[in-house]
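A quick write-up on the structure given underneath.
Residue numbers (the working numbering): 23 to 188.
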């Protein structure tokens, strides 16, 4: 994935999301991380950095309690951004640079990314935060265009819900 991003000139989000002064901060999995367990967002961040995206990989978010996994939950049971915020802590907040890009494997509605951003802002309100996900879900089959369709969008928080466009 990182190699393809580097090779393509038409990727709409490469700068400023993955530029050289933004630290890549992997978002923790929904469950508690067991020693030796796979952390997909960390692997994605490392691969991006290996291809010269971002300034460094900074795994400074830690999940303190497990939350339901959005991808396997019905819409009504998906954890809200506040739930994610309450389950995350920032380790060594003073090491955060002025700009970070949160890295995740899959974005559904964006609640996990929003919660992670709030966690960082709670200790470092001066940090500029953006997000990158390797995959985004598509709810309506008619909106599906291609397996590889890079895009840039927004996640908005309204009425206790996150909405991602696109």
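Positions of the beta carbon are idealized from the N, C-alpha and C atoms, including for glycine.
Please read all numbers here as calculations on a predicted model, not as lab measurements.
Paired residues, beta bridge with residue i - DSSP
{"i": "residue 48", "result": "125"}
{"i": "residue 153", "result": "124"}
{"i": "residue 30", "result": "Answer by DSSP bridge pairing: none, since residue 30 is not bridged."}
{"i": "residue 178", "result": "185"}
From the options, residue whose alpha carbon lies closest to that of residue i
{"i": "residue 29", "options": "73, 106, 145 and 90", "result": "73"}
{"i": "residue 42", "options": "179, 128, 71 and 182", "result": "71"}
{"i": "residue 262", "options": "69, 128, 63 and 116", "result": "There is simply no residue 262 to check, as the chain begins at 23 and stops at 188 in what is shown."}
{"i": "residue 157", "options": "146, 151 and 132", "result": "132"}
{"i": "residue 126", "options": "49, 152, 138 and 23", "result": "49"}
{"i": "residue 83", "options": "96, 51 and 75", "result": "51"}
{"i": "residue 180", "options": "142, 150, 136 and 80", "result": "136"}
{"i": "residue 63", "options": "153, 178, 182 and 140", "result": "153"}
Local Cβ density within 10 Å of residue i, reported as buried at 16 or more and exposed below that
{"i": "residue 185", "result": "exposed"}
{"i": "residue 148", "result": "exposed"}
{"i": "residue 44", "result": "buried"}
{"i": "residue 134", "result": "buried"}
{"i": "residue 26", "result": "exposed"}
{"i": "residue 130", "result": "buried"}
{"i": "residue 85", "result": "buried"}
{"i": "residue 113", "result": "exposed"}
{"i": "residue 97", "result": "exposed"}
{"i": "residue 93", "result": "exposed"}
Pairing CB atoms from the region 55-74 with CB atoms from the region 94-109, are three or more of them under 8 Å? no
At least 3 beta-carbon pairs within less than 8 Å: the region 105-122 vs the region 57-70: no
Would you check if the region 106-115 and the region 85-96 touch, i.e. whether three or more CB-CB distances between them fall below 8 Å? yes
Which whole runs of the alpha helix (DSSP H) in the region 40-90 are 4 residues long or more, in chain order? 62-72
What beta strand (DSSP E) runs, 3 residues minimum, are completely inside the region 93-143? 110-112 and 121-129
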